[in-house]
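>
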Amino acid sequence: GIDTLFDLEKLAVLGHGNGGTVYKVRHRHTSSLYALKVLKFDEDAIAVRQQAAREAEILKRVDSQFVVKCHGVFDNGLGDPECVGCDLCFVMEYMEAGSLHDVLSIHRRLTERAISGIGRRVLEGLHYLHGMQIVHRDIKPSNLLINNRGEIKIADFGVSRVVAGKLEPANSSMGTSAYMSPERLDPERWNGHYSDGFAGDVWSLGLVVLECHVGHFPLISPGQKPDWATLMCAICFGEKMEMPETASPEFRSFMRRCLEKDWRMRGTVTELLSHPFVTKESSSATEELVGYALEG
Ligand code: ATP
Ligand code: MG
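Using full-length UniProt numbering, the letters of the sequence shown map in sequence onto residues 45 to 340.
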């Protein structure tokens, strides 16, 4: 295990996100590589920080080959001098090829075989998390990481919540994402039939696999300025989404099950795990993903 952040040497910046920076680090004694995520909090954002610290507790219980491993959580409350001020630090499994967002910005469009491999692994990860009563709530390309073995894993529990456990539901501090489901953007529409949130992760996965096929965020035409009102309309009120002709019938059927606007009608993770799109032989999908990872 990692006992102190003193043992980690910063090698490079891997990326920036909302409120934090991710570094590539090396453990001085073992030479193992890790990703270190440092979240900064304003002095006055104590409640947000407490929420984040509690969420960190979730991470420690998560252990699946389909989810990025968290090897430790540090905050200066633990007296670690490297972790200054209001920082909260996560030591994570290092995923060499970065995120699916990075892969897409290089390759633009992925083969259907590779996408089916991504779909399979993300569903397996969701199956595991949902089984622990965890809704991820922020499935999007930058939170799906890939390593040199072509393995995709779910990362980032920034906004995830334990449904039946002690953590409270999402609050307004978490913001909105273009990958959010209709029922999360407009919860009133189902007059009282509030979703437990699991179906929202399936919606987000649907948008991700569609994006991997068309090569851009699917609800906005390429080149068009992202405008939140238009986007919200397309997600919540628009017509049933047309699935691209270029996708195979199985792939189109898979996406239709994920992108059903009424969450009560949408495919569940368990159902989709036996969908023909993701049950095909998967070693060739992994090979193609290794190709994308290494070319990056
Ligand atoms: P958001 O803040 O909305 O989650 P984000 O996911 O892009 O946005 P971060 O989670 O901070 O922000 O990640 C930033 C980038 O760092 C990612 O896009 C990815 O390229 C890289 N990264 C994150 N975690 C790892 C990891 N475990 N291994 C390798 N690279 C990582
Ligand atoms: Mg992230």
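Even for Gly, the Cβ is constructed at its ideal location relative to N, Cα and C.
Being a predicted model, the structure only gives us computed values, none of them experimental.
Of the choices THR65, LEU77 and LEU263, whose alpha-carbon is the least far from that of PHE281?
It is LEU263.
> Out of curiosity, what's the CA-to-CA distance linking ALA158 and MET276?
ALA158 and MET276: Cα-Cα distance of roughly 29 Å.
> Using the rule of at least 16 other Cβ atoms within 10 Å of the residue's Cβ for burial, across every protein chain shown, is TYR78 buried or exposed?
Classification of TYR78: buried, given that the 10 Å Cβ count is 16 or more.
> May I ask you to report which of helix, strand or coil DSSP gives THR65?
The answer is strand: DSSP assigns THR65 an E or B state.
> In whole angstroms, what is the alpha-carbon distance linking SER327 and ARG72?
Taking the straight line from one Cα to the other gives about 35 Å.
> Which residue's Cα is closest to the Cα of LEU189: ARG228, VAL322, LEU148 and SER225?
Of the listed residues, the one whose Cα sits closest to LEU189 is LEU148.
> Quick one: using the 10 Å Cβ neighbour count with 16 as the cut-off for buried, is ASP245 buried or exposed?
By the 10 Å Cβ count, ASP245 comes out buried.
> Quick check: what's the CA-CA separation for LEU303 versus PHE261?
Near 14 Å, if we compare the C-alpha coordinates of PHE261 and LEU303.
> With contact counted as at least three CB pairs below 8 Å, one residue from each stretch, are the region 167-178 and the region 150-157 in contact?
The region 167-178, when compared against the region 150-157, does not touch it at the 8 Å Cβ threshold.
> Just to confirm before moving on: does the CB-CB distance between LYS81 and MET136 stay below 8 Å?
In this structure, MET136 lies closer than 8 Å to LYS81 by Cβ.
> Which residues bound the beta strand (DSSP E) around PHE118?
Where PHE118 is concerned, the enclosing beta strand (DSSP E) stretches over 114-119.
> CB-CB under 6 Å to GLU195, same chain, minus the five flanking residues each way: which ones, in chain order?
Taken in chain order, the list of residues that qualify is empty.
> Provide the residue span of the alpha helix (DSSP H) that contains MET299, from first to last.
Run containing MET299: 293-302, per the alpha helix (DSSP H) assignment.
> If I follow the unbroken alpha helix (DSSP H) through TYR336, where does it start and stop?
Segment 327-339, the alpha helix (DSSP H) holding TYR336.
> Return the Cβ separation of GLU156 and PHE242 in integer angstroms, given the expectation that the two are a contact with Cβ distance under 8 Å.
26 Å between Cβ atoms; not a contact.
> Less than 8 Å between the C-beta atoms of ASN187 and ALA337, yes or no?
No.
> Take GLY161 and list the residues in its own chain whose beta-carbon comes closer than 8 Å to its own, dropping the five residues that flank it on each side.
Closer than 8 Å at the Cβ level, and outside the excluded window around GLY161, lie GLY194, ILE196, SER326, ALA329, THR330, GLU332 and LEU333.
> In terms of residue numbering, what span does the alpha helix (DSSP H) encompassing PHE134 cover?
First-last for PHE134: 132-137, but that is the beta strand (DSSP E), not the alpha helix (DSSP H).
> For ALA97, which of helix, strand or coil comes out of DSSP?
ALA97 falls in the helix class under three-state DSSP.
> Report the three-state DSSP secondary structure of LEU211 (helix, strand or coil).
Any reading at LEU211 must be qualified, since the residue scores a pLDDT of 42, below 50, and its modelled position is unreliable; the value itself is stated next. Reduced to three states, the DSSP call for LEU211 is coil.
> Whose CA, out of SER297, ARG93, HIS174 and LYS269, lies closest to the CA of VAL106?
Answer by Cα proximity: HIS174.
> With the cut-off set at 8 Å, would you say PRO185 and LEU144 are in Cβ contact?
Yes, the Cβ-Cβ distance between PRO185 and LEU144 is below 8 Å.
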